[in-house]
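These protein sequence lines are chains H and U, in that order. Numbered by our numbering, the letters in the first sequence go through residues 1 to 258 in order. Numbered by our numbering, the letters in the second sequence go through residues 1001 to 1258 in order. Where a beta carbon is used, it is the ideal one built from N, C-alpha and C, also for glycine. Following: one structure in structure tokens, then a few remarks.
Number of protein chains: 2
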Amino acid sequence: MKILLTNDDGIQAEGIQTLRRALSEIADVTVVAPSYERSATGHGITVHKPIRAERVKLKGSDKEHWSVVGTPADCVKLALETLLKEPPDLVVSGVNHGANLGTDVLYSGTVSAAIEGMINGLPYVAVSLYDDSFVDFTFAAQFTAKLCTLLRLKGFPPSTLLNVNIPGSQAHDIKGVRVTKLGSRHYINTVECRKDPRGREYFWLAGDVVNVEGDGDTDVDAVRNNYVSVSPIHFDLTNYQVIDTVKSWGFESLLKEN
Amino acid sequence: MKILLTNDDGIQAEGIQTLRRALSEIADVTVVAPSYERSATGHGITVHKPIRAERVKLKGSDKEHWSVVGTPADCVKLALETLLKEPPDLVVSGVNHGANLGTDVLYSGTVSAAIEGMINGLPYVAVSLYDDSFVDFTFAAQFTAKLCTLLRLKGFPPSTLLNVNIPGSQAHDIKGVRVTKLGSRHYINTVECRKDPRGREYFWLAGDVVNVEGDGDTDVDAVRNNYVSVSPIHFDLTNYQVIDTVKSWGFESLLKEN
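Listed below in structure tokens is the structure:
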């Protein structure tokens, strides 16, 4: 099995390196990852400027890997279009430092990187560790390696990304695995208004996460209760449930001259 | 009606200024928009550095508007949390220079800005003009003003964004309005590998849009056939159709020690 591995915390991050070692036990892994941390900024694709990609050696691997001055989506695109000699069977991103739950998925680099993979018809697994202060990525990495083996066995549902979140607990405290829907999670942002040394105003967003209590079936609920969460995700944002209502509003009348 | 107006092409763009004038006929409009073009880069929220926001006067308006050195999502967040004295009834973004169709919606600044609004329970309308070489935003702006009036009358379905795309045609050539689902659209990226003056390699992504032929009901199809497209969008990416299949894969076995 050939795996393309990326992340948005940067190629030297503990999460991706632990995962690389675990995946190397079961697959031929090539890392193509951002040269530095790209989380929370710089998503999307870089089109207005050139992208640098440098061959790097990683500890314990005699393979060629790539450090890219670009976003996670740039990494996947560049890997698939030009850097990899053969297409991979699977794209994996992670282990992300910090959770990627509910609406966070839309903000994260995961979605745009996954779309790049899926345009090419590839399955995608995104793995995140809930607690970024819990620095032991071993369980998360080993779980992911087993998951990839299982997925290869079962086959992938088309156009689906599996978004995996792992609780930040010791392995023996993890209660099980739940297949979940995306929950709701948002940030309460007490915007702070400050003055710079010249007396001019500036603002700083101070975001605290609020996990909205779900019905028990959400990714947020699963991880909070010490379960590994696996959410199948697709990229059709159409709200089919309201299409008929919206049609009944009579938009055609808007085209008439008043 | 109080409207918060933003965009990702920057506050001085023709699209937003034409829309501001049209909306001012029907509502009390405050513009809070990026100081320069942010499309295709810099989405998400700015948390790692301060954000500047400056009061600006706009031609023909005696109101106070804001130019923000930040992303569209920053603009909406800052507006709702601190800049606006009263919450708006509706958030509008646009008129975007260029279409925002199918999977593009996920890449665009629209989604993260809309989430900011929706967290606060506000309806959101995103308007884009298909052809960015067609510089007459008058029809798009007038249509949007009428749409906002209609929406106020009909009420909004909860947690839904209306994504509106307007063909780049003369008003009299537009055939009608279609309520659509999101189609598929992707970029063929011939990655160009070049050498810099020092002989080092760099890459440049050259993206050409490919509109995938839909079943006739998609936003891509509507705009291509000269219809205004209105797509109701929600933010639950869960792929419910495959949840039972995924559950049957037996993830629990992955937790066992080998």
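Proximal residues to Leu1254 of chain U (C-beta, below 8 Å), its chain only, five neighbours per side dropped:
Counting from 1 along the second sequence, the entry for residue 1254 of chain U is found at position 254. Excluding sequence neighbours, Leu1254 of chain U sits near nothing in its chain.
Assuming Ile1119 of chain U and Phe1235 of chain U form a contact by the criterion Cβ under 8 Å, report the distance between their Cβ atoms to the nearest whole angstrom.
Counted from its first residue, the second sequence places residue 1119 of chain U at position 119. Counted from its first residue, the second sequence places residue 1235 of chain U at position 235. That pair is no contact at about 10 Å.
Would you say Ile26 of chain H reaches chain U, if we count a Cβ-Cβ gap shorter than 9 Å as a contact?
On the first sequence, position 26 is the one that residue 26 of chain H refers to. No, because no Cβ of chain U sits closer than 9 Å to the Cβ of Ile26 of chain H.
So, for Leu78 of chain H: in the same chain, excluding its five sequence neighbours on each side, which residues have a beta-carbon less than 8 Å away from its beta-carbon?
Position 78 of the first sequence holds residue 78 of chain H. Cβ neighbours of Leu78 of chain H beyond the five flanking positions: Val32, Ile51, Ala53, Trp66, Val68, Gly70.
For Ala13 of chain H, which of helix, strand or coil comes out of DSSP?
By one-based count along the first sequence, residue 13 of chain H stands at place 13. For Ala13 of chain H, the three-state secondary structure derived from DSSP is coil.
With DSSP as the reference, label Gly1155 of chain U as helix, strand or coil.
Locating residue 1155 of chain U in the second sequence gives position 155, where the first residue counts as 1. Assigned with DSSP and collapsed to three states, Gly1155 of chain U falls in coil, not helix or strand.
Which first and last residues belong to the alpha helix (DSSP H) in which Gly216 of chain H is found?
One-based indexing of the first sequence puts residue 216 of chain H at position 216. Membership of Gly216 of chain H in any alpha helix (DSSP H) is not indicated, and neither H nor E is assigned to it by DSSP.
Please list, in chain order, all residues of the same chain as Glu192 of chain H whose beta carbon is under 6 Å from its beta carbon, the five residues on each side excluded.
For the purposes of this step, residue 192 of chain H is taken as the residue at position 192 of the first sequence. Contacts found: Trp204, Ala206.
First through last residue of the alpha helix (DSSP H) which encompasses Ser112 of chain H
As a first step, residue 112 of chain H is located in the first sequence; it is residue number 112 there, counting from the start. Element bounds for Ser112 of chain H: 109-119.
Pull up the distance between the alpha-carbon of Phe139 of chain H and that of Val1242 of chain U, whole angstroms please.
Taking the first residue of the first sequence as 1, we reach residue 139 of chain H at position 139. Taking the first residue of the second sequence as 1, we reach residue 1242 of chain U at position 242. Within the model, the alpha-carbon separation for Phe139 of chain H versus Val1242 of chain U is close to 26 Å.
Those runs of the alpha helix (DSSP H) which lie wholly inside the region 73-113 of chain H and span at least 4 residues:
Considered as a whole, the region 73-113 of chain H harbours 104-107 as its complete alpha helix (DSSP H) runs of no fewer than 4 residues, in chain order.
Val246 of chain H: first and last residue of the uninterrupted alpha helix (DSSP H) it sits in
Working through the first sequence from its first residue, we reach residue 246 of chain H at position 246. Boundaries of the alpha helix (DSSP H) around Val246 of chain H: 243-247.
Contact defined as beta carbons within less than 8 Å: I believe Ile1016 of chain U pairs with Gly1094 of chain U. What is the distance between those atoms, to the nearest angstrom?
On the second sequence, residue 1016 of chain U is found 16 positions in, with the first residue counted as 1. On the second sequence, residue 1094 of chain U is found 94 positions in, with the first residue counted as 1. The C-beta distance from Ile1016 of chain U to Gly1094 of chain U rounds to 7 Å, short enough to meet the 8 Å contact threshold.
Leaving out five residues before and five after Val177 of chain H in sequence, what residues of the same chain have Cβ atoms less than 7 Å from its Cβ?
Here residue 177 of chain H corresponds to residue number 177 of the first sequence, with the count starting at 1. Once the five neighbours on either side are set aside, the close Cβ partners of Val177 of chain H are Tyr227, Val228, Val230.
Who are the neighbours of Glu1086 of chain U on chain H, taking C-beta pairs under 9 Å?
Stepping through the second sequence from its first residue, residue 1086 of chain U is reached at position 86. Under the 9 Å cutoff, chain H gives no residues; its nearest Cβ is about 16 Å from Glu1086 of chain U.
Between Ile45 of chain H and Cys148 of chain H, which are expected to be in contact by the criterion C-beta below 8 Å, what is the C-beta distance as a whole number of angstroms?
One-based indexing of the first sequence puts residue 45 of chain H at position 45. One-based indexing of the first sequence puts residue 148 of chain H at position 148. Their Cβ separation, rounded to whole angstroms, is 26 Å, which puts Ile45 of chain H and Cys148 of chain H out of contact at 8 Å.
Considering only their Cβ atoms, is the gap separating Gly1109 of chain U from Arg1185 of chain U smaller than 9 Å?
Within the second sequence, numbered from 1, the residue matching residue 1185 of chain U stands at position 185. Within the second sequence, numbered from 1, the residue matching residue 1109 of chain U stands at position 109. Their beta carbons are not under 9 Å apart, which means Arg1185 of chain U does not touch Gly1109 of chain U by this criterion.
Once DSSP output is grouped into helix, strand and coil, what is the label at Phe1143 of chain U?
Residue 1143 of chain U sits at position 143 when you count from the first residue of the second sequence. DSSP, reduced to helix, strand and coil, places Phe1143 of chain U within a helical segment of the structure shown.
Test: Thr112 of chain H CB closer than 9 Å to a CB of chain U
One-based indexing of the first sequence puts residue 112 of chain H at position 112. Here the sequence assigns Ser to residue 112 of chain H, which means Thr is not the residue at that position. So, interface residue.
Counting only beta-carbon separations shorter than 9 Å, does Asn96 of chain H have a partner in chain U?
For this step, residue 96 of chain H is matched to residue 96 along the first sequence. By this cut-off, Asn96 of chain H is not an interface position.
Reference Arg266 of chain H; option with closest CA among H:Lys146, H:Thr6, H:Arg194, H:Lys175:
Coverage of chain H is limited to positions 1 through 258, which leaves residue 266 of chain H absent and any answer about it impossible.
Excluding sequence positions up to five away, which residues of its chain have a Cβ less than 7 Å from the Cβ of Lys1195 of chain U?
To locate residue 1195 of chain U, count along the second sequence from 1; it is residue 195. For Lys1195 of chain U, where only same-chain residues beyond five positions count, the Cβ hits under 7 Å are Glu1201.
Where do the N-terminal and C-terminal ends of the beta strand (DSSP E) with Leu1161 of chain U fall, by residue?
Locating residue 1161 of chain U in the second sequence gives position 161, where the first residue counts as 1. For Leu1161 of chain U, the enclosing beta strand (DSSP E) has its first and last residue at 1161-1166.
Mind listing which residues of the region 143-161 of chain H have their C-beta closer than 7 Å to chain U's C-betas, in chain order?
For the region 143-161 of chain H, which is checked against every Cβ of chain U, the residues closer than 7 Å are Phe143, Lys146, Leu147, Leu150, Lys154, Pro157, Thr160.
Where Leu182 of chain H and Asn163 of chain H are concerned, what is the direct C-alpha to C-alpha distance, given to the nearest angstrom?
Position 182 of the first sequence, counted from the first residue, corresponds to residue 182 of chain H. Position 163 of the first sequence, counted from the first residue, corresponds to residue 163 of chain H. The straight-line gap from Cα to Cα measures roughly 9 Å.
Against Ala140 of chain H, what residues of chain U qualify as contacts under a CB-to-CB distance less than 8 Å, listed in chain order?
Translated into positions along the first sequence, residue 140 of chain H becomes position 140. Near Ala140 of chain H there are no residues of chain U at all, since even the closest Cβ is about 12 Å away, more than 8 Å.
Out of U:Val1092, U:Gly1117, U:Val1091, U:Pro1072, which has the shortest C-alpha to C-alpha gap to Tyr1107 of chain U?
By 1-based counting over the second sequence, the position of residue 1107 of chain U is 107. When the alpha-carbon of Tyr1107 of chain U is set against those of U:Val1092, U:Gly1117, U:Val1091, U:Pro1072, the nearest one is in U:Pro1072.
Can you tell me where the beta strand (DSSP E) holding Gly176 of chain H begins and where it ends?
As a working note, residue 176 of chain H is residue 176 in the first sequence. Here the beta strand (DSSP E) through Gly176 of chain H covers 176-179.
Please report the distance separating the alpha-carbon of Leu84 of chain H from that of Val29 of chain H.
Position 84 of the first sequence, counted from the start, is the residue given in the question as residue 84 of chain H. Position 29 of the first sequence, counted from the start, is the residue given in the question as residue 29 of chain H. In a straight line, the C-alpha of Leu84 of chain H is about 11 Å away from that of Val29 of chain H.
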